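Participant: Input: one structure, supplied below.
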Amino acid sequence: MEIPVEVKLRFYSSMLRIRKFELKAAELFGQGQVPGSIHSCAGQEACAEGVCARLRTDDYLIGAHRGHGQCLAKGAESRYLLAELLGKKSGYCLGKGGSMHVAVPEIGILGTNGIVGGGIPSALGVAVAVQYRGTDQVVTCFFGEGASNQGTFHETLNIASLWSLPIIFICENNLYAELTPHRLHLKLPDVARRAEAYGIPSTVVDGNDVLAVYEAAGVAVERARSGGGPTFIEGKTYRWEGHFVGDPAKYRPAGELEEWKGRDPILRLKAHLLENGLADGDQLAGIEMSIEEEIKEAVEFAVSSNPPDPSTDLMSGVYAAFDGF
Amino acid sequence: MANLNYIRAINVALTEEMERDPDIFLAGEDVGEPGGSFTETRGIWQKYGFRRAKDTPISESAILGIALGAAMAGLRPVVEIMFNDFIGVCADQLFNQIAKARYMFGSKFKLPITIMANCGGGISAGPQHSQSWEAMCMHVPGLKVVMPATVYDAKGLLKAAIRDDDPVVYLHHKALYRLREEISDGDYTVSLGKAAVRKEGRDVTLLAVSAMVHTALKAAGRLEQEGIKAEVIDLRSIVPLDKQTVLDSVKKTGRAVIVHEAVKVAGIGAEVSAMIMEEAFDYLDAPIQRVAAPYVPVPFSPALEKAYLPDEEAVIQAVRKIA
Numbered sequence: 001m002e003i004p005v006e007v008k009l010r011f012y013s014s015m016l017r018i019r020k021f022e023l024k025a026a027e028l029f030g031q032g033q034v035p036g037s038i039h040s041c042a043g044q045e046a047c048a049e050g051v052c053a054r055l056r057t058d059d060y061l062i063g064a065h066r067g068h069g070q071c072l073a074k075g076a077e078s079r080y081l082l083a084e085l086l087g088k089k090s091g092y093c094l095g096k097g098g099s100m101h102v103a104v105p106e107i108g109i110l111g112t113n114g115i116v117g118g119g120i121p122s123a124l125g126v127a128v129a130v131q132y133r134g135t136d137q138v139v140t141c142f143f144g145e146g147a148s149n150q151g152t153f154h155e156t157l158n159i160a161s162l163w164s165l166p167i168i169f170i171c172e173n174n175l176y177a178e179l180t181p182h183r184l185h186l187k188l189p190d191v192a193r194r195a196e197a198y199g200i201p202s203t204v205v206d207g208n209d210v211l212a213v214y215e216a217a218g219v220a221v222e223r224a225r226s227g228g229g230p231t232f233i234e235g236k237t238y239r240w241e242g243h244f245v246g247d248p249a250k251y252r253p254a255g256e257l258e259e260w261k262g263r264d265p266i267l268r269l270k271a272h273l274l275e276n277g278l279a280d281g282d283q284l285a286g287i288e289m290s291i292e293e294e295i296k297e298a299v300e301f302a303v304s305s306n307p308p309d310p311s312t313d314l315m316s317g318v319y320a321a322f323d324g325f
Numbered sequence: 326m327a328n329l330n331y332i333r334a335i336n337v338a339l340t341e342e343m344e345r346d347p348d349i350f351l352a353g354e355d356v357g358e359p360g361g362s363f364t365e366t367r368g369i370w371q372k373y374g375f376r377r378a379k380d381t382p383i384s385e386s387a388i389l390g391i392a393l394g395a396a397m398a399g400l401r402p403v404v405e406i407m408f409n410d411f412i413g414v415c416a417d418q419l420f421n422q423i424a425k426a427r428y429m430f431g432s433k434f435k436l437p438i439t440i441m442a443n444c445g446g447g448i449s450a451g452p453q454h455s456q457s458w459e460a461m462c463m464h465v466p467g468l469k470v471v472m473p474a475t476v477y478d479a480k481g482l483l484k485a486a487i488r489d490d491d492p493v494v495y496l497h498h499k500a501l502y503r504l505r506e507e508i509s510d511g512d513y514t515v516s517l518g519k520a521a522v523r524k525e526g527r528d529v530t531l532l533a534v535s536a537m538v539h540t541a542l543k544a545a546g547r548l549e550q551e552g553i554k555a556e557v558i559d560l561r562s563i564v565p566l567d568k569q570t571v572l573d574s575v576k577k578t579g580r581a582v583i584v585h586e587a588v589k590v591a592g593i594g595a596e597v598s599a600m601i602m603e604e605a606f607d608y609l610d611a612p613i614q615r616v617a618a619p620y621v622p623v624p625f626s627p628a629l630e631k632a633y634l635p636d637e638e639a640v641i642q643a644v645r646k647i648a
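Heads up: the sequence lines are chains A and B, in that order.
Just so we're aligned, residue 1 is where the first sequence starts under my numbering, counting upward by one.
Just so we're aligned, residue 326 is where the second sequence starts under my numbering, counting upward by one.
Right under this line is the structure:
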């Protein structure tokens, strides 16, 4: 089925937002404004966007540590996400979580996660709740190929299949788990074959082709909403930065990054739009400028925001009822 | 009134709570159709089916993930980790995910999770099925921990734990399952954060948890014959801890012996002892004693396990040391 041009323009602006956010975050990190470490998804935008464009606000997303793009594609606002990365009180989690622990439950984002594979089992519980209530919401669960080696991945896929839960598993295979290439940690070239072993229909897509991801996601969402159970989508993609921003990534062979930059998901979509007369250069430039404005404004907001106040914010919020020892 | 045993009281609490609140469901190994490996969930699957009583595969991390995800999505899950020793299998989900999700996500989530697990030794279950891990659960901020010692509390604390909007680890002692009491058959709860004075006294305070409450009471009975009146306090709520009751008692008696089945080193006795020292030092007439298990895994052979577990004699010796 033909994807409407408005949807393709949404892909364009959303992926640009993710790209520019990630590049800006890396720049701020280089200036010492971002505490701790961040994991950039620049280059991987199509995976998050192609899936999230199929989702409603009341659908759920569980992310991993490379999750800014997933949050933005699901509808998070750049300013509050950036403020969280900077450890400010105006951030989504009051500055208490940071990049790897962002949740925006009002739009279904139930958390990025700092433990590889740590968020995957909770997808089961969210899906159980959906099934319990008899709604047609879906649960997306994002992770990388590295996480597919954690026991939690296997436990979760088995139960998702066994109970026919409305979960869409999205594996962003970016060829490296932390600093180690795929061939050194995973026997199978395609992670999707693991899903087959659990009885879950799976597909491997070009993770840098947002149209292909969107197609695959459409099948998966329809299956989940209609009670058909889980689907596994493996997107082959690549991260431009190292594992964390600042990682020199010497483990990458020369030329590999350049080759993948040649498959930039945003430039590919741009070419598609222009070549097919679906948008003109001015329109696309206009979109890019408005995203740039948005990111600029997000930076001003985040940088000028205050950090949380230890006298009121340190000890509060651990429990619903109990003030601690 | 009803004459029940400890495990039946747990079953009654679960049944009543599930009837009262449609957002509660159970998940765990053998908790559905089989009725629970200890009969603790008997009759529930028969009443509600898979929707509210889910038999899971042997996948502890997934079981806790089910609890966390369902809570984040607005339900009130009660899950079982069969033996608290199996927390070792799913420790990330308990300590890094469930315990931290409320705080690190900016207090956006209410996590009304109850995690039932058994604890304790004395039935030759061996090193990996006999431990008491309340100290580990106390040490990571974000969890609440309760350990009922009586049939009354087994029912009341479980109801309170289920109604609590925070994650509660409910540790039921496997050697207490056949303990029998006459208890109210109405709806009641035992508040978290409230210790119980099981026996009043003025000469020494015995602070005990779980099965050791009964050991402490037996020891107190024998000490009474020697003219030593021990006050026995059942802590029953580890997090929140009822500091007030503990301190009031120690200020009255001036002497304290902490009795727990868990290993002495870095057990909850160490925390309670330090707390008493910090907050009631001037009231102490003797150093605080701890009666607890030695620094070895729980041995299998009954001859060794008997020597391993603290008993009345050990409590009496500890009291005599500071009398």
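All C-beta atoms, glycine included, are put in the ideal place defined by N, C-alpha and C.
On a predicted model such as this, the values are computed, not experimentally measured, just so you know.
I'd like the list of long-range same chain contacts for A591 of chain B, defined as Cβ closer than 7 Å, with 5 residues on each side in sequence excluded.
Facilitator: Taking the first residue of the second sequence as position 1, residue 591 of chain B is located at position 266. Taken in chain order, the residues that qualify are A460.
Participant: Enumerate in chain order the residues of its own chain whose CB-to-CB distance from L28 of chain A is below 6 Å, with the five nearest sequence positions on each side excluded.
Facilitator: For the purposes of this step, residue 28 of chain A is taken as the residue at position 28 of the first sequence. So the list reads V34, once near-sequence residues are dropped.
Participant: Going by Cα to Cα distance, which pick from B:V476, B:A426, B:E603 and B:V494 is closest to I335 of chain B?
Facilitator: Locating residue 335 of chain B in the second sequence gives position 10, counting from the first residue. Residue B:V476 is the option with its Cα nearest to I335 of chain B.
Participant: At 4 residues or longer, and completely inside the segment 138-214 of chain A: list those alpha helix (DSSP H) runs for me, N to C.
Facilitator: With a minimum length of 4 residues, the continuous alpha helix (DSSP H) runs that stay inside the segment 138-214 of chain A are 151-162, 182-185 and 192-197.
Participant: Looking at chain A, which residues of the segment 406-424 of chain B have a Cβ within less than 8 Å of any of its Cβ atoms?
Facilitator: Hits within the stretch, in order: D417, Q418, N421 and Q422.
Participant: Look up I651 of chain B in the DSSP assignment and say whether it is helix, strand or coil.
Facilitator: One cannot answer for residue 651 of chain B here, as it falls past the ends of chain B, which runs 326 to 648.
Participant: Quick check on the burial criterion: 16 or more other C-beta atoms within 10 angstroms. Buried or exposed for L501 of chain B?
Facilitator: Mapped onto the second sequence, residue 501 of chain B falls at position 176. Looking at its Cβ environment, which holds 16 or more other Cβ atoms inside 10 Å, L501 of chain B is buried.
Participant: Drop a sphere of 10 angstroms on the beta-carbon of K296 of chain A, count the other beta-carbons inside from all chains shown, and report buried for 16 or more, exposed for fewer.
Facilitator: What you label residue 296 of chain A is simply residue 296 of the first sequence in a count that begins at 1. Classification for K296 of chain A: exposed.
Participant: Quick check on L566 of chain B: buried or exposed, where buried means 16 or more other Cβ atoms within 10 Å of its Cβ?
Facilitator: Within the second sequence, numbered from 1, the residue matching residue 566 of chain B stands at position 241. Under this definition L566 of chain B is a buried residue.
Participant: I'd like the span of the alpha helix (DSSP H) that includes D478 of chain B, first residue to last.
Facilitator: The residue given as residue 478 of chain B occupies position 153 in the second sequence. Where D478 of chain B is concerned, the enclosing alpha helix (DSSP H) stretches over V476 to R488.
Participant: Considering only C-alpha positions, which residue in the set B:S626, B:M326 and B:L339 is nearest to R401 of chain B?
Facilitator: Locating residue 401 of chain B in the second sequence gives position 76, counting from the first residue. Checked all of B:S626, B:M326 and B:L339; the closest Cα to R401 of chain B is B:L339.
Participant: Could you tell me which uninterrupted beta strand (DSSP E) segments, each at least 3 residues in length, are contained entirely in the segment 68-99 of chain A, listed from first to last along the chain?
Facilitator: For the segment 68-99 of chain A, not a single whole beta strand (DSSP E) run of length 3 or above is found.
Participant: Please name the residue in A:S148, A:G255 and A:V128 whose C-alpha comes closest to that of V139 of chain A.
Facilitator: Taking the first sequence and counting its residues from 1, the one referred to as residue 139 of chain A is at position 139. Ranking A:S148, A:G255 and A:V128 by Cα distance to V139 of chain A puts A:V128 first.
Participant: Would you call M537 of chain B buried or exposed, if buried means 16 or more other Cβ atoms sit within 10 Å of its Cβ?
Facilitator: As a position in the second sequence, residue 537 of chain B is number 212, starting the count at 1. By the 10 Å Cβ count, M537 of chain B comes out buried.
Participant: Quick one: is M1 of chain A buried, meaning 16 or more other Cβ sit within 10 Å of its Cβ, or exposed?
Facilitator: The residue you call residue 1 of chain A lines up with position 1 of the first sequence. When all chains shown are included, M1 of chain A counts as exposed.
Participant: So that I know if they touch, is there some Cβ in chain C lying closer than 8 Å to that of L94 of chain A?
Facilitator: The chain inventory of the structure shown lacks chain C, comprising the protein chains A and B.
Participant: Following the continuous beta strand (DSSP E) through E106 of chain A, name the residue where it begins and the one where it ends.
Facilitator: On the first sequence, residue 106 of chain A is found 106 positions in, with the first residue counted as 1. Segment: none, E106 of chain A is in no beta strand (DSSP E) and carries neither H nor E.
Participant: In its own chain, which residues sit with a C-beta less than 7 Å from the C-beta of S516 of chain B, not counting the 5 before and 5 after it?
Facilitator: The count along the second sequence starts at 1 and reaches residue 516 of chain B at position 191. Answer for S516 of chain B: A485, listed in chain order.
Participant: Quick check on I583 of chain B: does DSSP put it in helix, strand or coil?
Facilitator: One-based indexing of the second sequence puts residue 583 of chain B at position 258. Correct three-state label for I583 of chain B: strand.
Participant: How far does the beta strand (DSSP E) with C41 of chain A in it extend, from its first residue to its last?
Facilitator: Residue 41 of chain A sits at position 41 when you count from the first residue of the first sequence. It is not in any beta strand (DSSP E) - C41 of chain A carries neither H nor E in the DSSP assignment.
Participant: Which residues share a DSSP beta bridge with R367 of chain B?
Facilitator: Mapped onto the second sequence, residue 367 of chain B falls at position 42. Partner(s): none; R367 of chain B has no beta bridge.
Participant: Under 8 Å, do V557 of chain B and A581 of chain B count as touching if we go by C-beta distance?
Facilitator: On the second sequence, residue 557 of chain B is found 232 positions in, with the first residue counted as 1. On the second sequence, residue 581 of chain B is found 256 positions in, with the first residue counted as 1. Not closer than 8 Å, so no.
Participant: Identify which residue in A:I233, A:R54 and A:A212 has its Cα closest to the Cα of R268 of chain A.
Facilitator: By 1-based counting over the first sequence, the position of residue 268 of chain A is 268. Looking at the Cα atoms, A:A212 is the closest of the given residues.
Participant: Looking at the secondary structure, which residues open and close the alpha helix (DSSP H) in which R523 of chain B lies?
Facilitator: As a position in the second sequence, residue 523 of chain B is number 198, starting the count at 1. Run containing R523 of chain B: none in the alpha helix (DSSP H); it sits in the beta strand (DSSP E), A521 to K524.
Participant: Helix, strand or coil: which one does DSSP assign to S290 of chain A?
Facilitator: Position 290 of the first sequence, counted from the start, is the residue given in the question as residue 290 of chain A. Looking at S290 of chain A - three-state DSSP - the assignment turns out to be helix.
Participant: Assign S301 of chain B to one of three DSSP states: helix, strand, or coil.
Facilitator: Given that chain B is displayed from residue 326 to residue 648, the structure contains no residue 301 of chain B and the question cannot be resolved.
Participant: Can you tell me which of A:G75, A:K96, A:I287 and A:E145 puts its alpha carbon nearest to the alpha carbon of I107 of chain A?
Facilitator: Within the first sequence, residue 107 of chain A is the residue found at index 107, counting from 1. The shortest C-alpha separation from I107 of chain A is found at A:G75.
Participant: Sort out for me which residues DSSP pairs C444 of chain B with in a bridge.
Facilitator: Translated into positions along the second sequence, residue 444 of chain B becomes position 119. BP columns for C444 of chain B point to B:H498.
Participant: What are the residues in the segment 110-135 of chain A lying within 9 Å of chain B by C-beta distance?
Facilitator: Of all residues in the segment 110-135 of chain A, L110, G111, N113, G114, I115, G117, G118, G119, I120, P121, S122, A123, L124, G125, V126, A127, V128, A129, V130, Q131, Y132 and R133 have a Cβ within less than 9 Å of some Cβ in chain B.
Participant: Whose CA, out of A:T180, A:S164 and A:G228, lies closest to the CA of R376 of chain B?
Facilitator: One-based indexing of the second sequence puts residue 376 of chain B at position 51. That would be A:S164, whose Cα lies nearest to the Cα of R376 of chain B.
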